[in-house]
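Heads up: the protein sequence lines correspond to chains A and B, in order.
Numbering of the first sequence is given in this note's numbering, commencing with residue 1 and proceeding in unit increments.
Numbering of the second sequence is given in this note's numbering, commencing with residue 357 and proceeding in unit increments.
Heads up, the beta-carbon is just placed ideally off N, CA and C, and yes, glycines get one too.
There are 2 protein chains.
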Amino acid sequence: MDSAGNRADRERREHLLAALETVKLSLSDVRFVTQRILSKYGLAPAHVDALADLIVAAERDECASHGVYRLAGLVRTIKSGKLNLAAEPSVQIDETSIIRVDAQLGFSPLAFKMGQIALAQKAKTHGLAAMAINRCFHFTALWPEVEALAEDGLVSLSLTPSHSWVAPAGGTAPLLGTNPFAFGWPRPNKEPYVFDFATSVVAGGEVELHRQRNHPIPVGWAIDPEGKPTQSAASAMIGTLLTFGGHKGSALSTMIELMAGPLIGDLMSTESLTYDNGVGAAPCHGELVLALSPDVFLGHKKREYFESAERLFSLILAQGARLPSQRRFQARLRSVSDGVTITRIQHDILTDLLEA
Amino acid sequence: MDSAGNRADRERREHLLAALETVKLSLSDVRFVTQRILSKYGLAPAHVDALADLIVAAERDECASHGVYRLAGLVRTIKSGKLNLAAEPSVQIDETSIIRVDAQLGFSPLAFKMGQIALAQKAKTHGLAAMAINRCFHFTALWPEVEALAEDGLVSLSLTPSHSWVAPAGGTAPLLGTNPFAFGWPRPNKEPYVFDFATSVVAGGEVELHRQRNHPIPVGWAIDPEGKPTQSAASAMIGTLLTFGGHKGSALSTMIELMAGPLIGDLMSTESLTYDNGVGAAPCHGELVLALSPDVFLGHKKREYFESAERLFSLILAQGARLPSQRRFQARLRSVSDGVTITRIQHDILTDLLEA
């Protein structure tokens, strides 16, 4: 009893201390700090703005893995000498339904923004269209992209490789990227139905957050450099992540390598890691976005069938299950009025980046 | 020791008996029996041939869940009075990249075959295209479709709902279909890279095969009618299947409901089951196939980037991991020369269907 009581006391003290070590920021603080840091290292203003939009959106939605914690890595990428700081993405439009955006070795978000309107136009003309973004240093969760397309009334998929940190099912060594897969479905007068998941059990960022916080990782997330299961976030970071859902997740991840790599004439995760050559910059590769127009698919039946989709969402919720981005949309409401909270450790890192 | 010895003896005897109770058939036997059974109940010849192609292909590849075991269900569908026995699928082609095939309440395979050439032409013109098959009684694994498109040099995805036998992650009751997802990638001078998986942990057919063989199912496949985990195949069949990969598989399954349901103006799994109204016919709904042309995406760079893809496959194999359809392609080689084996129980069912 005493021992259990002592443990409970200790845990409570630790919890209170951890809770004290946070810093509250408004969303405009987050934007200001992000823009200052990125500008300070020479990134062109159009890129600074595109990145800041995404980092603010991630913090707002309490997606720590794509928030200000990424700034250190972005600065490393900027300083790597590989990134084109003032890249002007070129958008190539022809008679096909493929929009090609050459990011010119700049960051990806501006390339996406510059191709987005042409992609939507093609999808609305032909029913579906693809955007192939090439030669970008990739930064962003994919949900802001499929959300933006959903706001324009489009159903969309977004796929991208990353760096080869993940083993295929039945394998023991890194080969696949964390390869996220995102989907967006517009909902009239509501936040869209959106999911965005890594095809690894977790994204690499989750493991790093565990390492930073000195937390163990669950069994099944990763194997160590010898190919054995590990709960150490540090071992996992020098070992190999595993795919979710065994051979099915591994197949999906391989599909993403192929469709967002060779199909669009760009690098696979293993090639992107080789290209990085130990610099630790953001992965440089391509991205594939598919957009489908419900107006073209359904015509005058759109209203009727979008009501079917709403029934599906209602039936999911009626079982006590959640829709994929529900927590994120709830956080969004809170953050807009209350601001966001970052850890003291993270705050110190930002201060260092600003003052370095 | 004795007891363990007895058990081992008993298991060996049962194994030997089970091994004896099989019947060997050539692939042309399989085709002949299949065609005879389907014709006997009045299905039009073009549909008989399209279904027989698929059942022979499934037996050839040792995919028992889509082989002759399905004939009893197909006969039930034919006798249901809901199926259009002589349906002539209509293919609608317009200036968009969407091919619409109205199956006219016939079986799906003929509808796919009739739209396939137009789909390929659109993909080769615009870079990508979609085929929406509507109002079909769905029968087939999806891999024969993505394989057929890969033979034509196309990358493709195929999605379809089914009947609502699967709970969403966090839920307790049937809502989603087993919702298969298939992908095909053409490989020069080789069998294509192909996967086709149910987004439920297993397909409903697997559970029924376990029930027929009186085998327990693994934990995690299904919950019973009260929403509790079960290892009884019989309970699972009146209970609810679970999605693979937790919330990620559930999200993917929901995406398939939306894209191969409302987006193409057709039924979702829960609506399809309602439409069946207890008859136990094949599910009646739609299917979405997306085809992408590497020639349009890559132009003169196709050779170079298809070699990248081959490197990825080599690296997967070099780790001792398998490519998704490898076992199936190996079975194919065996079956073409040696024929296939079905259980005595299955053979008796076929005999009954022929003689009924």
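Closest Cα partner of residue i within the set the options
i, options, result
"B:K546", "B:F669, B:C640, B:T452 and B:N440", "B:F669"
"A:G220", "A:H347, A:N214, A:V194 and A:S232", "A:S232"
"A:R322", "B:Q675, B:V431 and B:A523", "B:A523"
"A:G184", "A:M237, A:A234 and A:E147", "A:E147"
"B:L662", "A:R10, A:E257, A:R211 and A:L142", "Here the sequence assigns Phe to residue 662 of chain B, which means Leu is not the residue at that position. Comparing Cα positions, the closest option is A:E257."
"A:Q121", "A:D338, A:D295 and A:V194", "A:D295"
"A:S108", "A:D53, A:R36, A:Y69 and A:S156", "A:D53"
"B:A712", "B:R432, B:G462 and B:M487", "B:R432"
"B:I594", "B:F551, B:T528, B:L710 and B:A467", "B:T528"
"A:A141", "A:V56, A:L119 and A:P186", "A:V56"
"B:G533", "B:D405, B:R688 and B:S606", "B:S606"
"A:A64", "A:T270, A:L315 and A:R332", "A:R332"
"B:F468", "B:A479, B:F495 and B:D450", "B:F495"
"A:I93", "A:S308, A:A318 and A:A129", "A:A129"
"B:G655", "A:R100, A:F32 and A:G286", "A:R100"
"A:T240", "A:K228, A:E287, A:R7 and A:I117", "A:K228"
"A:A123", "A:A150, A:W143 and A:I78", "A:A150"
"A:K301", "B:K396, B:L619, B:L407 and B:R543", "B:L619"
is_contact[residue i, chain B] using C-beta, thresh 9 Å
i, result
"A:V296", "yes"
"A:V289", "no"
"A:E147", "no"
"A:L263", "yes"
"A:M1", "With a pLDDT of 43 at A:M1, under the threshold of 50, the predicted position of this residue should be treated as unreliable, though the coordinate-derived value follows. No, no contact with chain B."
"A:K79", "no"
"A:K163", "Correcting the residue identity first, residue 163 of chain A is His in this sequence and not Lys. So, not an interface residue."
"A:A52", "no"
"A:H138", "no"
"A:A120", "no"
"A:L241", "no"
"A:Y193", "yes"
"A:V155", "yes"
Residue i classed as buried or exposed, judged by whether at least 16 other C-beta atoms fall within 10 angstroms
i, result
"A:Q346", "buried"
"A:H215", "exposed"
"A:E11", "exposed"
"B:S384", "exposed"
"A:A86", "exposed"
"A:T274", "exposed"
"B:N535", "buried"
"B:E501", "buried"
"B:M357", "Annotation note: pLDDT 43 at B:M357 (below 50); position unreliable, coordinate value reported separately. It is exposed - the Cβ of B:M357 has fewer than 16 other Cβ atoms within 10 Å."
"B:E660", "exposed"
"B:G560", "buried"
"B:D704", "exposed"
"A:R135", "buried"
"A:P45", "exposed"
"A:L354", "exposed"
Closer than 9 Å to chain A by CB, residue i
i, result
"B:H603", "yes"
"B:P572", "no"
"B:L709", "no"
"B:G526", "yes"
"B:W577", "no"
"B:Q686", "no"
"B:R678", "yes"
"B:A467", "no"
Contact check, residue i vs residue j, beta carbons under 9 Å
i, j, result
"B:P517", "B:G617", "yes"
"B:P445", "B:G471", "yes"
"B:R700", "B:T378", "yes"
"A:S337", "A:S164", "no"
"B:G483", "A:T125", "no"
"B:V645", "B:S514", "yes"
"A:T351", "A:L25", "no"
"B:L461", "B:K438", "yes"
"A:I217", "A:V202", "yes"
"B:V550", "B:P680", "yes"
"B:R416", "B:S591", "no"
"A:F137", "A:A291", "no"
"A:L315", "B:L623", "no"
Proximity test, Cβ basis, 9 Å: residue i and chain C
i, result
"A:T274", "The chain inventory of the structure shown lacks chain C, comprising the protein chains A and B."
For a minimum of 3 consecutive residues, which ranges assigned as the beta strand (DSSP E) are wholly contained in the stretch 168 to 249 of chain A?
180 to 185, 193 to 198 and 240 to 242
Give the list of continuous alpha helix (DSSP H) stretches no shorter than 4 residues that lie fully inside the stretch 307 to 341 of chain A.
326 to 338
Give, in chain order, every unbroken run of the alpha helix (DSSP H) that is at least 4 residues long and sits entirely within the stretch 120 to 156 of chain A.
143 to 151
Jot down the residue ranges of each uninterrupted alpha helix (DSSP H) in the stretch 39 to 107 of chain A, minimum 4 residues, whole runs only, in chain order.
45 to 60 and 71 to 79
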